[in-house]
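Peer 1: In the working numbering, the protein residues as written are 1 to 74. Just so you know, even glycine gets a beta-carbon here, dropped at the ideal spot from N, CA and C. What you are looking at is a predicted structure, and each value in this text was computed from that prediction instead of being measured. Could you have a look at this structure, given as structure tokens, before my questions?
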Amino acid sequence: MSVDTTALHSPLYDPADDLPWAPSLDVALDQARRVLEEKANANIHDRDEMIRAAVGLEMRLRQLVAALDKEAGR
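In structure tokens:
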């Protein structure tokens, strides 16, 4: 027996709800580098640690892309 969890799903990122704020490119790069360094030694066998690493990296990647777009005038 399986349970349908699609009704419980909400996306991590929703462009309609999330503010289009972007830091300066220097700030975004510094934060991305910091998170990369923090997560470099994450234990691949620890599910929770992998989830935290994925979420942290995903957030910084979105922030970095937004900063690049802002600098390029997009």
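Just to confirm, is the Cβ distance from A32 to R60 under 7 Å?
Peer 2: Yes, these two residues count as a Cβ contact at 7 Å.
Peer 1: Tell me which residues share the same chain as A28 and place their Cβ nearer than 7 Å to its Cβ, disregarding the 5 neighbours each side in the sequence.
Peer 2: Q63, L64, A67
Peer 1: Taking C-alpha atoms, which residue in L8, P11, D26, H9 lies nearest to K70?
Peer 2: D26
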